[in-house]
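The structure under discussion appears below in the form of structure tokens.
Number of protein chains: 2
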Amino acid sequence: MGRTSDANERLMDAALDLMWEESYGAVSIDDICKRAEVKKGSFYYFFASKAELAVAALEKMWRNDWKPSLDARFSSSVPPLERLTGYLDGIYTKHLENFKKKGKVLGCPVCSVGSEISTQEVDVNGKVREIMSRKRRYYESAIRDAVAEGAIEPCDPTEKAMALLCLIEGAISQARIMNDPEPLRNLGTAGHDLLRMKPGAAVSAAAAH
Amino acid sequence: MGRTSDANERLMDAALDLMWEESYGAVSIDDICKRAEVKKGSFYYFFASKAELAVAALEKMWRNDWKPSLDARFSSSVPPLERLTGYLDGIYTKHLENFKKKGKVLGCPVCSVGSEISTQEVDVNGKVREIMSRKRRYYESAIRDAVAEGAIEPCDPTEKAMALLCLIEGAISQARIMNDPEPLRNLGTAGHDLLRMKPGAAVSAAAAH
DNA sequence: CCTCAAACTAGCTAAACAGTCAACTATCAA
DNA sequence: TTGATAGTTGACTGTTTAGCTAGTTTGAGG
Chain A
1 MGRTSDANER LMDAALDLMW EESYGAVSID DICKRAEVKK GSFYYFFASK AELAVAALEK
61 MWRNDWKPSL DARFSSSVPP LERLTGYLDG IYTKHLENFK KKGKVLGCPV CSVGSEISTQ
121 EVDVNGKVRE IMSRKRRYYE SAIRDAVAEG AIEPCDPTEK AMALLCLIEG AISQARIMND
181 PEPLRNLGTA GHDLLRMKPG AAVSAAAAH
Chain B
1 MGRTSDANER LMDAALDLMW EESYGAVSID DICKRAEVKK GSFYYFFASK AELAVAALEK
61 MWRNDWKPSL DARFSSSVPP LERLTGYLDG IYTKHLENFK KKGKVLGCPV CSVGSEISTQ
121 EVDVNGKVRE IMSRKRRYYE SAIRDAVAEG AIEPCDPTEK AMALLCLIEG AISQARIMND
181 PEPLRNLGTA GHDLLRMKPG AAVSAAAAH
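Here the protein sequences come in this chain order: A and B.
Numbering-wise, the numbering used here puts 170 at position 170 of the first sequence, and it's gapless, one number per residue.
Numbering-wise, the numbering used here puts 23 at position 23 of the second sequence, and it's gapless, one number per residue.
As structure tokens, this is what we get:
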């Protein structure tokens, strides 16, 4: 009953795009409405605030983009080390493509926004933490499996996954700051070292120039 | 001749503090003026814009805080590996102290602001890149010395320094997002792995619980 | 103890901004 | 067909913001 609409979807997409291209604080509700071709009255019909929209937009991105992609990359049918190296190389190629296409490295919207608003927007921060820890769990289980297989030196998978997350997000952040995918090129080898892969273990494609 | 003033210094300090506690975008010129106890007219007497103030504030921080601290930590009188492990452990203890004192992990103002404004404020971005690359050069020369000494496996010091920077800044960023110094606790061991220190090489203090 | 340039101030403007609302409209389901 | 309902709209409020300026105060150097 009543009329239907995808204005809320358009608002989430517009918000995510703008916050990614610029930043959370630099984007006004008016900007988002203009991009989504939605009047401000309608915005407030669907969302109570920019923060609430941001939370919804991040969750939508996780559900529609990140989760499917991670499920594929970290499928248990793939050997654990290949999951990790393939993922690391994928980060570089993805950002390199986007850079060639748009001339810009935009980094990771979750981390950029997360770092920006961490002391201010409690709800957005909560969603950011949630997404980061979901992502970390993929790394963790791959590391656990790799240790069990004896492909990498024994370690605490939780701690290793945290360290790997830091390395990855740090590299993506530097790539954004420098507007250059270069810091991502050697993520494969850096991950190799960090994880203490055993000699003879899979080496990432990007590492071989 | 004419009267003297430290209002510009107060403005730089206030701007850096506020941008660190909150973010670049969340802080208005009025906020900065209030904190610095300076009227807005005076602000525009010294600076043309918030961006110009931010550039000056970042450079001041480098000159007064970071450079002296890095010069001490990375003094050539200290063995190269100790420079690095001491530095990594120092990051954790510093943030842990601040956390106990203020209840907050604020991360690295240069990176947070840098990631936030990278696509918008060209001049601020330039200063951020400059400071990051100065910092990286300290890592690089320590790594180069360590390789020369045979304390770590041979590598390209430039690339390694970049990877180390990514790991460090990534960990600091995660600590800010989580408001928890935990991701920094194992920076020592993670750095150890990343740098492929040779067996028997100095192990950081924090790594030993 | 002047002088004058550096530093400061109050108060203004115009734009951008978040947030509200009553009236309107399309659509579904009965 | 129609009534209930979900969605839309533009016009409005008050606030915050950046940026400016004309005039005032201060203090170092002569």
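Ideal Cβ positions, reconstructed from N, Cα and C, are used throughout, including at glycine.
Item, Value
"Provide the residue(s) that pair with B:I152 in DSSP beta bridges, ordered along the chain.", "B:M197"
"Name the chain A residues that come within less than 8 Å of B:N8, Cβ to Cβ?", "Going along chain A, no residue has its Cβ under 8 Å from B:N8, so there is no contact; the nearest lies around 25 Å."
"Can you give me the C-alpha to C-alpha distance between B:E52 and B:I29, rounded to a whole angstrom?", "12 Å"
"Starting from B:V12 and walking both ways along the alpha helix (DSSP H), at which residues does that stretch end?", "First, the amino acid is wrong: residue 12 of chain B is Met here, not Val. Per DSSP, B:M12 belongs to the alpha helix (DSSP H) from A7 to E21."
"Helix, strand or coil, according to DSSP, for B:N64 in the structure here?", "helix"
"At a CB-CB cut-off below 8 Å, which residues of chain A make contact with B:I177?", "C111, G114, S115, S118, N125, V128, R129 and M132"
"From A:G114, A:I177 and A:A190, pick the residue whose C-alpha is nearest to that of B:N179; which is it?", "A:G114"
"So, at 6 Å on beta carbons, what are the nonlocal neighbours of B:F99 in its own chain, with the 5 sequence-adjacent residues on each side left out?", "V105 and P181"
"Any C-beta of chain B within less than 8 Å: which residues of the region 7–35 of chain A qualify?", "E21, E22, S23, Y24, G25 and A26"
"Under 8 Å between the Cβ atoms of B:K127 and B:V55?", "yes"
"Nearest to B:H192 by CA position, among B:A146, B:R176, B:T158 and B:S173, is which residue?", "B:A146"
"Would A:E159 count as contacting chain B if we go by Cβ distances under 8 Å?", "yes"
"Using alpha carbons as the reference points, say which of B:I177, B:A148 and B:A142 lies closest to B:M162.", "B:A142"
"Hey, is A:M61's beta-carbon within less than 8 Å of any beta-carbon in chain B?", "no"
"Quick one: list the residues of chain A neighbouring B:D71, beta-carbon separation under 8 Å, in chain order.", "Those within 8 Å of B:D71 in chain A number zero; the least Cβ separation is about 23 Å."
"Leaving out the 5 sequence neighbours to the left and right, which residues in its chain are closer than 7 Å to A:K215 when beta-carbon positions are compared?", "The requested residue 215 of chain A is not part of the displayed model; chain A covers only 1 to 209."
"To which residues of the same chain is B:E169 closer than 7 Å at the C-beta, ignoring the five residues directly before and after it?", "C108 and C111"
"Measuring CB to CB, does B:P80 end up less than 8 Å from B:A175?", "no"
"Would you mind telling me which residues of chain B sit closer than 8 Å to A:E169, beta carbon to beta carbon, in chain order?", "G170, S173 and Q174"
"Around the Cβ of B:Y24, are there at least 16 other Cβ atoms within 10 angstroms (buried) or fewer (exposed)?", "buried"
"So, for B:A36: in the same chain, excluding its five sequence neighbours on each side, which residues have a beta-carbon less than 6 Å away from its beta-carbon?", "R10, L11 and A14"
"Buried or exposed for A:M132, please, with buried defined as at least 16 other CB atoms from any protein chain shown within 10 angstroms of its CB.", "buried"
"With 8 Å set as the bound, which would you pick, yes or no: does the beta-carbon of B:K135 sit closer than that to a beta-carbon of chain A?", "no"
"Whole angstroms are fine: how far does the CA of B:L16 sit from the CA of B:R3?", "26 Å"
"Of all the alpha helix (DSSP H) runs that stay within the bounds of the region 30–79 of chain A, which reach a length of 4 or more residues?", "40–46, 50–61 and 67–73"
"In three-state DSSP terms, what is A:D89?", "helix"
"Which residue from B:R196, B:P157 and B:Y87 puts its Cα closest to that of A:E153?", "B:R196"
"Assuming the contact rule is C-beta atoms closer than 8 Å, B:P157 and B:R144 should be a hit. Round their C-beta distance to whole Å, please.", "4 Å"
"Spell out whether any CB of chain A is found under 8 Å from the CB atom of B:R196.", "yes"
"Against chain B, with Cβ distances strictly below 8 Å, would A:A207 count as a contact?", "Because the pLDDT of A:A207 is 48, which lies under 50, any placement of that residue in the model is unreliable, and the number read from its coordinates should be weighed accordingly. False, the Cβ-Cβ gap to chain B never drops below 8 Å."
"Which chain B residues sit within Cβ distance under 9 Å of A:G107?", "S115 and S118"
"Note down, in chain order, all residues in the region 80–103 of chain B with a beta-carbon under 9 Å from any beta-carbon belonging to chain A.", "none"
"Using a Cβ cut-off of 7 Å, pull out every chain A residue sitting near B:L165, in sequence order please.", "Q174"
"Short check: CB of A:K135 to CB of A:L70, under 8 Å?", "yes"
"Against chain A, with Cβ distances strictly below 8 Å, would B:P183 count as a contact?", "yes"
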